[in-house]
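Protein chains in written order, with the working numbering: chain A, 1 to 520; chain B, 1001 to 1520.
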């Protein structure tokens, strides 16, 4: 196992220079309510029975045995698989039935802790836990004020700050938007730094080039110490398959860097069914499983015990236009079933989020997001990327959408807690006190519980029509516009060890000076 | 059992006067695609274990034994319960532990068919089936064109027509909006007639007065024949408890009329937790169960075997303003657990729908609706009122909201079907044909399946940002505005036996002439 569920020493404490610094830092720290990793107390929703799951697993083995997977531009991976007993012809790797599964099950941890620089924000990934992270990847942003435009590093910082300020977001994420104002070959430095500096939640490393992955690990070592990083996951990193059935050199390179450093990878086929996989749920599942098995097993061949996550990003396309669609029933079935496959494999599972095709934070965006997010929770997903902010099929990070989704994440946290069956929860005395034909508004039990009884939305307007109209008749997006602006106005950076900050800034400056800017 | 799941003779066929009429009717009948009652092929989502459920049942028995239920303004019901062994003091009825449950379990059907005048539209209520019906009760309508105004009988007919035109809506519902332009004491005649005349799906009767319930039964007898009605459910009727723990004379009167006529009743505590029940989930559940047990058992005392449904409408209130809230996690937990309690009791279950507090069809409306509708399906709800059109906590029926929700209902029907594990579903040949690094867009399997592979939304815009913008940058509500107008423009009334229509019109005219208009 890469790391235990509990008992990690507080990583920043080791580097803190003294009590005075800590006290100074504490004074500057905003009193933010933050929620821990969700521990689910409700049963799982499942859509396949034992027989169906075994069928999908057999089909995945058939794909791996008969068709195989391409490992492109990476001789080392081919050599690893040859040594492990696979059949290699050119870049095509074919696997004896059950081999990748047995490699994963031999050494991959069932669950692990990703340490945050503030140990109170460390998250447990796996088991009956769920971690919410923000949107990942969009080159555009959208807000009511500015409409849609290319994202900048300023937007990136803003989304890091918003995720930091949101109690139900447990994780700072990775590419919360793509800062296209910075050169491609150096922007990862500013991105990773922003997560460290403007948040104290766990975060993700760069995967766009093996060298950028290595930079991410170096920066993590500055923050956490090299020794701590060697035996603890402090980075979790998104490795996408090039579906169908291809691993490319960039992704394999990043995967190897992270696995070698004992850092976590989320091995994720990116599927738009009908294009990158068959148009059917069962066909998509078999292909996804085959791809995940080979990616996660590769990480185990590189370093047995490196944390790996079974990821799947699966949606469909419109068969009329080819455009990606979200929140429709077929991807929901893939999501539920894939979670079951991950549990049988015995590693943590990542999928879902608040996905939508809508360009704006309207009813389409909300229907589709909710129809993705609730299944994500009920399926028992362990790590949820795109939890908040996703718009336009992932092309835009929405400011209003971010806080609207964040509100929904808070609701999911309550739902996952299940039914309180304590004596206070049963409330028999309240029913005795009130009796038939009266009401519970002022009774002792209501008085004692009213502050925490019900989830309180930060976005919804529940007032009367008349009051709502008198207050301007705003829609949810207009209210959300005020919410994110207030959050950014109230933002205060979490404390950071000045020595760590200095070392990071120095590292980045040196790196940036070492080679010219490039957008490749 | 009131009626069998299958084998009902086609009710309208009996009254048809001859082949020529039938052929004439068929020519005028639009070629509408209609979906049958959902048969769920995915497992249930449950939130309580055996122990938790038994605890709630014990607490319900304690409420019934210690506190009891008020039966107001109905001597007959008090007499029935006295004879059954309950303890009666004034209007308060206390029940020996287990008595109401044993009465229900002795005679209430586990599932039943509600016959429609078009036998193809008959629905099965109970078991692993789900039936979607439209919104019920709003005095206002809302549309983008007119904003919010009082509803009229014209609106009522429009929503009946929209429900008729919607494949995923199986049921015409009841008070799709309240036609406040008609006198209160006569409008039920026009409402019931509209369901019969403008749709051929099953519908609901009036419950606002025992005499109006009796009129509903009379009209059903004109349509289906008295003999058929005597042994088949052709009406399903919403009986609300006056929570906490009160049955009033109006509701008991309507309940008795329908039970005596062997027609179905949905016995439903209307709960805003914190006002009509305790602020906790477990407390609300125990009270709901106590109320449902006594209401459904009363129907069985009136006529053993009359179909009854375990209903619950449970939401919360804002503890700040007292306003009702929807789509929040606590009501979702109530919904899931109540479905489990209904299954243990052994009668069909009704809850949920597309509920929201939003005044307009915006993101709030959609998040809240989806967060109610998906749990409604996953819980195994058998009859879903408010499936489409609900706005503003039930105060407004929304035209745009109606078609937006209807689109979601279609998705729920697909989701309920589960994963296709046939050879075609497995798609191994497609994966073999395409192979690594290619795509599935043109492969034989995709070609063969593309028309039915994915649910096709009638509302979502999945196009590129550029195309969406070029087409006016509409939001979902603006697109929905066009959808409902097109549906109404395309509407053609289903055929009806002219003799039946004449008899209904005559009955209504006679009733209306018999006493003066009144708004009480």
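We put the beta carbon where it would ideally sit given N, CA and C, even for glycine.
Collapsed DSSP secondary structure at residue i in the structure displayed
i               : result
residue 1185(B) : coil
residue 1412(B) : helix
residue 1507(B) : helix
residue 434(A)  : helix
residue 521(A)  : There is simply no residue 521(A) to check, as chain A begins at 1 and stops at 520 in what is shown.
residue 1093(B) : strand
residue 87(A)   : strand
residue 1028(B) : Any reading at residue 1028(B) is ruled out, since the residue's pLDDT is 41, under 50, leaving its predicted position unreliable.
residue 1114(B) : strand
residue 210(A)  : helix
residue 1372(B) : helix
residue 1240(B) : strand
residue 1173(B) : strand
residue 1040(B) : coil
residue 496(A)  : coil
residue 1471(B) : coil
Beta-carbon neighbours of residue i, restricted to chain B and to distances below 7 angstroms
i              : result
residue 359(A) : 1465 and 1468
residue 434(A) : 1244
residue 46(A)  : 1043
residue 52(A)  : 1419 and 1421
residue 145(A) : Under the 7 angstroms cutoff, chain B gives no residues; its nearest Cβ is about 16 angstroms from residue 145(A).
residue 450(A) : 1279 and 1319
Cβ-based neighbour list, residue i, same chain, cut-off 6 angstroms, excluding 5 preceding and 5 following
i               : result
residue 1403(B) : 1480, 1483 and 1484
residue 1346(B) : 1105 and 1110
residue 1461(B) : 1468
residue 970(B)  : This structure gives no information on residue 970(B), because the portion of chain B shown stretches from 1001 to 1520.
residue 325(A)  : 316, 318 and 357
residue 87(A)   : 94
Contact belief for residue i with residue j at Cβ below 8 angstroms, rounded distance in angstroms
i               : j               : result
residue 342(A)  : residue 302(A)  : Not quite, the Cβ-Cβ distance comes to about 20 angstroms (not below 8 angstroms), so this is no contact.
residue 266(A)  : residue 238(A)  : 5 angstroms
residue 1175(B) : residue 1191(B) : 7 angstroms
residue 134(A)  : residue 159(A)  : 6 angstroms
residue 92(A)   : residue 64(A)   : Not quite, the Cβ-Cβ distance comes to about 11 angstroms (not below 8 angstroms), so this is no contact.
residue 1366(B) : residue 366(A)  : 4 angstroms
Short Cβ contact (7 angstroms threshold) for residue i with residue j
i               : j               : result
residue 307(A)  : residue 132(A)  : no
residue 216(A)  : residue 273(A)  : no
residue 1331(B) : residue 1314(B) : yes
residue 323(A)  : residue 1463(B) : yes
residue 39(A)   : residue 128(A)  : yes
residue 311(A)  : residue 268(A)  : yes
residue 397(A)  : residue 373(A)  : no
residue 1443(B) : residue 1433(B) : yes
residue 1385(B) : residue 1138(B) : no
residue 1047(B) : residue 1337(B) : yes
residue 1107(B) : residue 1304(B) : yes
Cross-chain neighbours of residue i in chain B, by beta carbon under 9 angstroms
i              : result
residue 437(A) : 1070, 1072, 1242, 1244, 1245 and 1246
Residues near residue i in its chain [Cβ-Cβ closer than 7 angstroms; skip 5 each side]
i               : result
residue 1249(B) : 1072, 1073 and 1074
residue 36(A)   : none
residue 209(A)  : 250
residue 150(A)  : 139, 140 and 180
residue 1148(B) : 1140, 1142 and 1396
Close beta carbons around residue i, own chain, < 8 angstroms, minus the five adjacent residues each side
i               : result
residue 183(A)  : 517, 518 and 519
residue 1364(B) : 1356, 1357 and 1358
Cβ of residue i within 7 angstroms of any chain D Cβ
i              : result
residue 251(A) : In the structure shown, chain D does not exist; the protein chains are A and B.
heavy atom of the ligand ATP below 6 angstroms from residue i C-beta
i              : result
residue 336(A) : This structure simply doesn't include the ligand ATP, nor any ligand for that matter.
Under 7 angstroms from the C-beta of residue i: neighbouring residues of chain A
i               : result
residue 1321(B) : 462 and 463
residue 1526(B) : Residue 1526(B) lies beyond the stretch modelled for chain B, which goes from 1001 to 1520, so this question has no answer here.
Interface residues of chain A facing residue i [CB-CB closer than 8 angstroms]
i               : result
residue 1148(B) : 465
residue 1415(B) : 329, 332 and 333
Contacts of residue i in chain A (Cβ-Cβ under 9 angstroms)
i               : result
residue 1337(B) : 419
residue 1587(B) : Because chain B here runs from 1001 to 1520, residue 1587(B) falls outside it and cannot be looked at.
residue 1455(B) : 316, 325, 328, 329 and 330
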